[in-house]
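Residue numbers (our numbering), protein chains in the order written: chain R, 8 to 119; chain U, 1085 to 1197.
So the structure is just underneath, and the comments pick up after that.
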């Protein structure tokens, strides 16, 4: 069965510092991979997705993620974090015909 | 441009009461989903639907029921509320599965006391 692991429950970074959120998945074939962001009291918004082609994908709000098949990873990065990036981030995996499976989430705190 | 709309936003239920969480989408999506979100657990799929009249169980369906009489609406029913159902519930929809984006409502925070 598909599974998604986000090893970091909380991460705190200083405003302006770089960010990397980790995500590892378990699935036999190449999955469809997603990063969603949830601001406090809000629903989830898609940041970016990967399903084929270039392994480095760009998303909204200056985020990017890199798919590494050898490591079964899809880590999310941002070169310079803004205070408004404080939120909870979810990695998710899906395959054609299946449903989204979410990781447990990583809460990002930004300190000024 | 409403997207996915959930009502109510907040609700407190007593043990044993019943209620229906409403979800409607205006994007003509075939696929609709109900998730529950518990701290540190991510989102767990309760039920989903691939079209009007077709529903199926997800990962955590016990204690819930759904129906899908129209493309737009996908209500979630709790028949006998239990404290374990205290959670935040999200409805979502998508055009298809696989590589297509799911759109989420803003959630319903339910407390069972």
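Where is the CB? At the ideal position from N, CA and C, for every residue including glycine.
Could you check the C-alpha separation between residue 50 (chain R) and residue 31 (chain R) for me, to the nearest Å? Position 43 of the first chain, counting from 1, holds the residue named residue 50 (chain R). Position 24 of the first chain, counting from 1, holds the residue named residue 31 (chain R). Residue 50 (chain R) and residue 31 (chain R): Cα-Cα distance of roughly 23 Å.
Tell me whether residue 1122 (chain U) sits in a helix, a strand or coil according to DSSP, three-state version. Here residue 1122 (chain U) refers to the residue found at position 38 of the second chain. Of the three classes helix, strand and coil, the one that applies to residue 1122 (chain U) here is strand, per DSSP.
Can you name the residues of chain B whose CB is closer than 8 Å to the CB of residue 12 (chain R)? Considering every chain present, this structure includes no chain B. Its protein chains are R and U.
Proximity below 7 Å, CB of residue 9 (chain R) to CB of residue 98 (chain R): Locating residue 9 (chain R) in the first chain gives position 2, where the first residue counts as 1. Locating residue 98 (chain R) in the first chain gives position 91, where the first residue counts as 1. Not closer than 7 Å, so no.
Counting only Cβ pairs nearer than 7 Å, list the residues of chain R close to residue 1129 (chain U). Position 45 of the second chain holds residue 1129 (chain U). Within 7 Å Cβ-Cβ: 106.
How many whole angstroms separate the CB atoms of residue 1172 (chain U) and residue 1159 (chain U), which I take to be in contact at a CB cut-off of 8 Å? Residue mapping note: residue 1172 (chain U) aligns to position 88 of the second chain, counting from 1. Residue mapping note: residue 1159 (chain U) aligns to position 75 of the second chain, counting from 1. Not confirmed; about 17 Å, so no contact.
Are the beta-carbon atoms of residue 116 (chain R) and residue 94 (chain R) separated by less than 7 Å? Here residue 116 (chain R) refers to the residue found at position 109 when the first chain is read from its first residue. Here residue 94 (chain R) refers to the residue found at position 87 when the first chain is read from its first residue. Contact flag unset, no.
Rounded separation between residue 1120 (chain U) and residue 1130 (chain U) - CA only: Taking the first residue of the second chain as position 1, residue 1120 (chain U) is located at position 36. Taking the first residue of the second chain as position 1, residue 1130 (chain U) is located at position 46. Between residue 1120 (chain U) and residue 1130 (chain U), the C-alpha separation is close to 7 Å.
Distance between beta carbons of residue 1153 (chain U) and residue 1115 (chain U), contact taken as under 8 Å: Here residue 1115 (chain U) is taken as the residue at index 31 of the second chain, counted from 1. Here residue 1153 (chain U) is taken as the residue at index 69 of the second chain, counted from 1. With 8 Å as the limit, residue 1115 (chain U) and residue 1153 (chain U) do not qualify as a contact, their Cβ atoms being about 16 Å apart.
At a Cβ threshold of 7 Å, is residue 4 (chain R) touching chain U? Chain R is shown only over 8 to 119; residue 4 (chain R) falls outside these bounds and no answer can be derived.
Meets three-Cβ-pair contact criterion under 8 Å: the stretch 59 to 66 of chain R and the stretch 18 to 27 of chain R: no
Buried or exposed for residue 1194 (chain U), going by 16 or more other Cβ atoms inside 10 Å? Position 110 of the second chain, counted from the start, is the residue given in the question as residue 1194 (chain U). Flag for residue 1194 (chain U) reads buried.
In this structure, how does DSSP classify residue 78 (chain R) when only helix, strand and coil are distinguished? The residue given as residue 78 (chain R) occupies position 71 in the first chain. Residue state, collapsed to three classes: helix.
Compare the C-alpha of residue 1109 (chain U) against each of U:1091, U:1167, U:1098 and U:1099 and name the closest. Counted from its first residue, the second chain places residue 1109 (chain U) at position 25. Considering only alpha carbons, the answer is U:1091.
Who are the neighbours of residue 111 (chain R) on chain U, taking C-beta pairs under 8 Å? Here residue 111 (chain R) is taken as the residue at index 104 of the first chain, counted from 1. The answer, in chain order, is 1124, 1125 and 1126.
For the beta strand (DSSP E) that residue 1140 (chain U) lies in, which residues bound it at each end? What you label residue 1140 (chain U) is simply residue 56 of the second chain in a count that begins at 1. Where residue 1140 (chain U) is concerned, the enclosing beta strand (DSSP E) stretches over 1138 to 1141.
Within the 7 Å Cβ cut-off, does residue 51 (chain R) reach chain U? Position 44 of the first chain, counted from the start, is the residue given in the question as residue 51 (chain R). Output row for residue 51 (chain R): interface = yes.
Give me the chain U residues within the contact set of residue 56 (chain R), using Cβ-Cβ distance strictly less than 8 Å, ordered along the chain. Translated into positions along the first chain, residue 56 (chain R) becomes position 49. Per Cβ cutoff of 8 Å: 1183 and 1185.
Pick from R:108, R:11, R:113 and R:43: whose alpha carbon is nearest that of residue 1143 (chain U)? As a first step, residue 1143 (chain U) must be located in the second chain, where it is residue number 59. It is R:108.
Short of 8 Å in beta carbon distance, which residues of its chain neighbour residue 59 (chain R), apart from the five on each side in sequence? Order them along the chain. As a working note, residue 59 (chain R) is residue 52 in the first chain. Excluding sequence neighbours, residue 59 (chain R) sits near 37.
Listing by chain order, which chain U residues have their CB less than 9 Å from the CB of residue 97 (chain R)? Taking the first residue of the first chain as position 1, residue 97 (chain R) is located at position 90. Going along chain U in sequence order, the residues near residue 97 (chain R) (Cβ under 9 Å) are 1126 and 1127.
Quick one: which residues of the stretch 15 to 39 of chain R get their C-beta closer than 9 Å to a C-beta of chain U? List them in chain order. 16 and 39
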